[in-house]
Amino acid sequence: MNFLGHSLISLEIDEKENKETLYGNFTGDFYKGLVERIELLENLKEGIILHRIIDKTSDRKENLLNELLTEKFGIFKGIVSDMFIDHFLSKNFNNLFNKNIDDIERKILDRVKEYKNIFPKDFERTFNWLNDRNVMANYKDIDFLERAFQGLARNVRKGEILNLAVTELKKNYNLFEKKSIKEFLYVKKKSIEEFLKKTF
């Protein structure tokens with residue numbers, strides 16, 4: 083899952099366990115190397131740990147979307163899966179969480195922005211894009227999603243295949259929707275369990 087899925091898992095943990103995982107989880111892809119060697123407050127490092135647990139769980143061979151994506155997208159299946167999940171979370175947000183996605187997106191971005199003075203290299207540009215374009219809320223829009231894939235296709239080496247992601251999505255839309263939501267709920271449950279084992 084992408085920024086929205088990661089953030090929702092953090093919000094649940096932070097509210098229930100009085101943690102501060104959101105910042106590290108949100109920026110997790112921009113911190114490299116061993117967690118213990120990253121120069122960051124210990125409580126914020128827990129978010130990076132959570133981010134890596136989520137990614138590891140999502141990357142498992144049994145990911146529910148793999149059977150629909152592997153043949154067409156190969157090594158890019160994970161990127162496609164992540165963005166499809168965020169699309170369906172955004173689209174079904176009110177039904178799934180009984181909350182307004184615009185309010186939650188603002189809450190997420192405002193909390194992350196509190197740490198602007200320690201943003202890792204290259205993250206500020208990504209944050210500004212997410213903030214200025216309301217990406218997490220707009221992922222529900224299929225045309226917006228397609229433009230996001232087109233941007234990735236230009237920026238990822240040999241990523242041209244990503245231009246076809248939305249075409250594939252439309253072919254099996256209802257099946258992708260069912261599997262994406264089920265996959266998110268599985269990853270959320272397993273990741274929270276694993277995170278709490280590691281940090282308590």
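Residue 277 in the numbering used here is what sits at position 195 of the sequence shown, and the numbering runs on without skipping anything. Even glycine gets a Cβ: it sits at the ideal position worked out from N, Cα and C.
TODO: With DSSP as the reference, label residue 201 as helix, strand or coil.
DONE: coil
Open item on the list: Looking at residue 157: is its Cβ nearer than 8 angstroms to the Cβ of residue 244?
Closed with: no
Task: Coarse secondary structure for residue 144, derived from DSSP in three states - done: coil
Task: Rounded C-alpha distance that separates residue 85 from residue 194 - done: 12 angstroms
Task: Which of helix, strand or coil DSSP assigns to residue 113 - done: coil
- [ ] Return the Cβ separation of residue 147 and residue 242 in integer angstroms, given the expectation that the two are a contact with Cβ distance under 8 angstroms.
- [x] 20 angstroms between Cβ atoms; not a contact.
- [ ] Pair every Cβ in the segment 124 to 132 with every Cβ in the segment 209 to 223, then say whether three or more of these pairs are closer than 8 angstroms.
- [x] no
Task: Option nearest residue 130 by Cα separation, candidates 100, 250, 110 - done: 110
TODO: Give every residue of the same chain whose Cβ lies closer than 7 angstroms to the Cβ of residue 120, excluding the five residues on either side of it in the sequence, and list them in chain order.
DONE: 113, 127, 130
Open item on the list: Buried or exposed, going by whether 16 or more other CB atoms sit within 10 Å of the CB of residue 105?
Closed with: buried
Task: alpha helix (DSSP H) runs wholly inside the segment 178 to 246, at least 4 long, in chain order - done: 183 to 195, 205 to 214, 217 to 220, 224 to 237
- [ ] Under 8 angstroms by Cβ, that's how I've got residue 235 and residue 165 pegged, so tell me the actual separation to the nearest angstrom.
- [x] With 8 angstroms as the limit, residue 235 and residue 165 do not qualify as a contact, their Cβ atoms being about 12 angstroms apart.
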